[in-house]
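Visitor: Quick note, this note's numbering runs 20 ahead of the 1-based positions in the sequence shown.
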Amino acid sequence: MNRRQLFGAAAALCAALALPGCKDEPAAPAGAAKGGVSTQTFAWKMVTSWPKDYPGLGSGAEGFAERVKAMSGGRLTIQVYAAGELVPALEVFEAVSRGSAELGHSTPYYWKGKVPAAQFFTAVPFGLSTTEMNAWLQHGGGMALWQEAYAPHGIKPLVAGNTTMQMGGWFNKEINSLDDLQGLRIRIPGLGAEVYNRLGATTVNMPGGEVPAAMQSGAIDATDWVGPYNDLASAIHKTAKYYYYPGWQEPQAVIELMVNQKAWDALPADLQAIVGEAARGTTQLMIEEFVYHNAQALIELKRQGVQLRHFPDPVLAAMRYESEQVLDQLARRNDLNGRIWASMKAFRAEVAALHELSEKELYNWR
Numbered sequence: 021m022n023r024r025q026l027f028g029a030a031a032a033l034c035a036a037l038a039l040p041g042c043k044d045e046p047a048a049p050a051g052a053a054k055g056g057v058s059t060q061t062f063a064w065k066m067v068t069s070w071p072k073d074y075p076g077l078g079s080g081a082e083g084f085a086e087r088v089k090a091m092s093g094g095r096l097t098i099q100v101y102a103a104g105e106l107v108p109a110l111e112v113f114e115a116v117s118r119g120s121a122e123l124g125h126s127t128p129y130y131w132k133g134k135v136p137a138a139q140f141f142t143a144v145p146f147g148l149s150t151t152e153m154n155a156w157l158q159h160g161g162g163m164a165l166w167q168e169a170y171a172p173h174g175i176k177p178l179v180a181g182n183t184t185m186q187m188g189g190w191f192n193k194e195i196n197s198l199d200d201l202q203g204l205r206i207r208i209p210g211l212g213a214e215v216y217n218r219l220g221a222t223t224v225n226m227p228g229g230e231v232p233a234a235m236q237s238g239a240i241d242a243t244d245w246v247g248p249y250n251d252l253a254s255a256i257h258k259t260a261k262y263y264y265y266p267g268w269q270e271p272q273a274v275i276e277l278m279v280n281q282k283a284w285d286a287l288p289a290d291l292q293a294i295v296g297e298a299a300r301g302t303t304q305l306m307i308e309e310f311v312y313h314n315a316q317a318l319i320e321l322k323r324q325g326v327q328l329r330h331f332p333d334p335v336l337a338a339m340r341y342e343s344e345q346v347l348d349q350l351a352r353r354n355d356l357n358g359r360i361w362a363s364m365k366a367f368r369a370e371v372a373a374l375h376e377l378s379e380k381e382l383y384n385w386r
């Protein structure tokens, strides 16, 4: 006798004997509540690439976990682990892929060795701005392409933050010409690293928490990191003299929430919606936080004697040319890369026509 038949027989016997407490329907199975809403609880782990309590990035991960707990009434709780507490900063992708953690909070270009297409989804040199990137992902087909790139690894990507436009980086010497890039040892990830390599620099990738010590020891001569807010918190200004702009290499930088696909599929629909909306809220709050605190931190950095420098126009022109070569080369590696770059480049051209008349014109005049 299956369960449905068993419940039916029990209900019929109960009614026939007129026993007290008899009901027309069998008791609801465990995990179900009135109205069909599940009461099952989930306890997840989130690994991150950020130092503990790191401003904006680490606090963004913590804030996301708090919002999910509050919105779900405690049905989904998330334990957040800083870089190195459970896995190293640059092994977050693998941890989520194999299911040892249900969530990861990081940025896509760290995984270029495993998923070359991931680089498109953090930042493209001379590419989309923060609002443009979000628009392309949510409305221009970018998210579907990102999901396609991560699907073979059992990961569902979501946007869970953005650092907004970054700075060009910290240097121990002035950059007056392309000759000054020859042999330069610079910490920089993603596509910007490929551009520097083509211009004669030597690039390395390392977690942000290791950058100040590397600059102090002379292991590297220069580094990009984020912007004034995080750079001040990391005290990079105490080991580097010159602060360059603009952030051509990262006009914005997407912060991702990686969700193990099997764990996602096991969630009830309402908890899936809560995770999605909490990620969306985290993104907006992080953008606002970075805009405000970058402005405050830049004032403080200048007060402490940091010397701001604009990359010379010939250097920027060379960087732009090499960026297009790097992107075209990456696009030719496979069909997916080609479709991603074609989609992003087409949208960039469309939205540029709008912003020439709107935001750019305002910034030039105000």
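Even for Gly, the Cβ is constructed at its ideal location relative to N, Cα and C.
Tell me which residue opens and which closes the alpha helix (DSSP H) that Val295 is part of.
Guide: Ala289 to Arg323 is the span of the alpha helix (DSSP H), which, as asked, contains Val295.
Visitor: What distance in whole Å lies between the Cβ atoms of Val135 and Thr68, which are believed to be in contact at a cut-off of 8 Å?
Guide: Not a contact, Cβ separation roughly 18 Å.
Visitor: So, with DSSP's three-state summary, where would you put Pro332?
Guide: Correct three-state label for Pro332: coil.
Visitor: My parser needs the alpha helix (DSSP H) runs of 4 or more residues fully inside the region 66-137; what are they?
Guide: You should have 78-91 and 112-118.
Visitor: Taking the alpha-carbon positions, what's the Asn192 to Leu347 distance?
Guide: Approximately 29 Å, taken between the alpha carbons.
Visitor: Going by alpha carbons, who is nearest to Glu122 out of Met66, Thr150, Leu252 and Leu328?
Guide: The candidate whose alpha carbon is nearest that of Glu122 is Met66.
Visitor: For Ala351 and Ala138, what's the separation of their Cα atoms in angstroms?
Guide: Computed Cα separation, rounded: 12 Å.
Visitor: Can you tell me whether Pro177 is helix, strand or coil according to DSSP?
Guide: The answer is strand: DSSP assigns Pro177 an E or B state.
Visitor: Closer than 8 Å by C-beta to Trp3: which residues in its own chain qualify, once you throw out the five before and the five after it? Chain order, please.
Guide: Residue numbering for the chain in the displayed model covers 21 to 386; residue 3 lies beyond these limits and cannot be assessed.
Visitor: Output the distance between the C-alpha atoms of Lys258 and Asp73, rounded to the nearest integer angstrom.
Guide: Their Cα atoms are separated by approximately 21 Å.
Visitor: Of all the options Met91, Ser363 and Leu219, which has the alpha carbon lying nearest to the alpha carbon of Leu157?
Guide: Taking only the C-alpha atoms, the option nearest Leu157 is Ser363.
Visitor: Ordered along the chain, which non-local residues of its own chain (more than five positions away) have a Cβ less than 6 Å from that of Ser149?
Guide: Once the five neighbours on either side are set aside, the close Cβ partners of Ser149 are Pro271 and Gln272.
Visitor: Where does Leu346 sit, in a helix, a strand or coil, going by DSSP?
Guide: The question names Leu, yet the displayed sequence has Val at residue 346. The answer is helix: DSSP assigns Val346 an H, G or I state.
Visitor: Once the 5 residues before and after Gly93 are set aside, which same chain residues still bring their CB inside 6 Å of it?
Guide: Here the set comprises nothing.
Visitor: Looking at the C-beta of His313, does it have a partner C-beta in chain C at a distance below 8 Å?
Guide: Among the chains in the structure shown there is no chain C, since it carries only a single protein chain.
Visitor: Classify His125 as buried or exposed, calling it buried when 16 or more other Cβ atoms lie within 10 Å of its own Cβ.
Guide: It is buried - the Cβ of His125 has at least 16 other Cβ atoms within 10 Å.
Visitor: How about the region 170-189 and the region 305-319: do they share at least three Cβ pairs that are nearer than 8 Å?
Guide: Short answer: they touch.
Visitor: How big is the Cα-Cα spacing for Val371 and Gly358?
Guide: The straight-line gap from Cα to Cα measures roughly 20 Å.
Visitor: Tell me, which residues are paired with Asn182 by DSSP?
Guide: Asn182 is bridged to Val274.
Visitor: Please report how far the alpha carbon of Gln60 lies from the alpha carbon of Arg95, in whole angstroms.
Guide: Each residue's alpha carbon lies about 7 Å from the other.
Visitor: Does the Cβ of Thr204 have 16 or more other Cβ atoms within 10 Å, making it buried, or fewer, making it exposed?
Guide: Before going on, a small fix: residue 204 reads as Leu here, not Thr. Buried, by the Cβ-count rule.
Visitor: Where does the unbroken beta strand (DSSP E) through Ile16 begin, and where does it stop?
Guide: Outside the shown range of the chain, which is 21 to 386, sits residue 16, and nothing can be said about it.
Visitor: For Leu37, is the classification buried or exposed, using 16 other Cβ atoms within 10 angstroms of its Cβ as the cut-off for buried?
Guide: Its pLDDT being 47, under 50, Leu37 is placed unreliably in this model, and the coordinates cannot settle the point.
Visitor: Alpha carbon to alpha carbon, how far is Arg340 from Pro128?
Guide: Approximately 22 Å between the Cα atoms of the pair.
Visitor: For Ala390, which of Ala90, Gln167, Arg118 and Trp131 has the nearest alpha-carbon?
Guide: Nothing about residue 390 can be reported from this structure: the residues present for the chain run from 21 to 386 only.
Visitor: With a threshold of 6 Å on Cβ separation, who are the neighbours of Met187 within its own chain once the five nearest residues in sequence on each side are excluded?
Guide: Gly247, Tyr265 and Gly267.
Visitor: When you compare the CB positions of Arg329 and Tyr263, do they come within less than 8 Å of one another, or not?
Guide: It is a contact, given that the beta carbons lie within the stated cut-off.
Visitor: Spell out the partners DSSP gives Val224 in its beta bridges.
Guide: DSSP, once it has assigned bridges, lists Arg207 as partnering Val224.
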